[in-house]
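Taking it in order: structure first as structure tokens, then the write-up.
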Amino acid sequence: MMSQHAGARDGLHLNVARGVDMMGSEAALRKILVTVLASMSADVPAIAAALQAGDVATANRLLHAIKGYMPIFGSDALVSQVTEVEKLSKTAAAEAVQLPYQALEPELRQLLAEIHVFLNPDQ
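Residues 1 to 123 in UniProt numbering are what the sequence shown spells out, letter by letter.
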């Protein structure tokens with residue numbers, strides 16, 4: 001059942017109402033966000049490191065996973081940005097993906113912060 005205050009908890013990038021609608025309940029959304037927080041906390045710096053090392057294949061694999069779950073709870077703007085960078089990483093060299101990813105990375109970190117606040121409202 002959706003909390004009547006879910007919209008008030010939306011952040012710049014975290015869309016709680018969308019997530020509850022997609023997952024069926026706030027409890028289900030919280031469960032997936034625990035996994036997302038753990039995964040993305042490791043993947044965001046790993047993508048940057050892979051691109052720095054010229055390993056666009058690893059960056060693409062990690063971006064592809066993020067692109068897969070982002071529409072469940074992400075803002076339209078963030079979904080679009082992730083999709084664009086992931087698409088570029090399929091065909092471009094690491095050097096060509098670095099700058100777009102450098103623009104995306106702080107947005108992903110903002111989402112992680114919003115997820116943390118949502119999961120830990122008393123902190």
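Think of the CB as a built atom: it goes at the ideal place given N, C-alpha and C, for glycine as much as any other residue.
So G11 is in the alpha helix (DSSP H); what residue range does that whole segment cover?
First-last for G11: undefined, no H or E at that position.
Mind checking whether S89 and N120 have CB atoms under 8 Å apart?
Taking 8 Å as the Cβ cut-off, S89 and N120 do not qualify as a contacting pair.
Could you give the DSSP three-state label for F118: helix, strand or coil?
Assigned with DSSP and collapsed to three states, F118 falls in helix.
With a 10 Å radius around its C-beta and 16 neighbouring C-beta atoms as the bar for buried, classify D122 as buried or exposed.
Classification of D122: exposed, given that the 10 Å Cβ count is below 16.
Taking the beta carbon of E114 as the centre, do at least 16 other beta carbons fall within 10 Å, making it buried, or is it exposed?
It counts as buried.
Exposure label - E86; buried when at least 16 CB within 10 Å
Looking at its Cβ environment, which holds 16 or more other Cβ atoms inside 10 Å, E86 is buried.
Return helix, strand or coil for G74, following the three-state DSSP convention.
DSSP places G74 in strand when its eight states are reduced to three.
Take residue 125 and list the residues in its own chain whose beta-carbon comes closer than 8 Å to its own, dropping the five residues that flank it on each side.
The question about residue 125 has no answer here: the residues shown for the chain are numbered 1 through 123.
Looking at Y101: is its Cβ nearer than 8 Å to the Cβ of I66?
For the pair Y101 and I66, the CB atoms are not nearer than the 8 Å cut-off.
For the alpha helix (DSSP H) containing S25, list its first residue and its last residue.
Boundaries cannot be given for S25, as no alpha helix (DSSP H) includes it and DSSP labels it neither H nor E.
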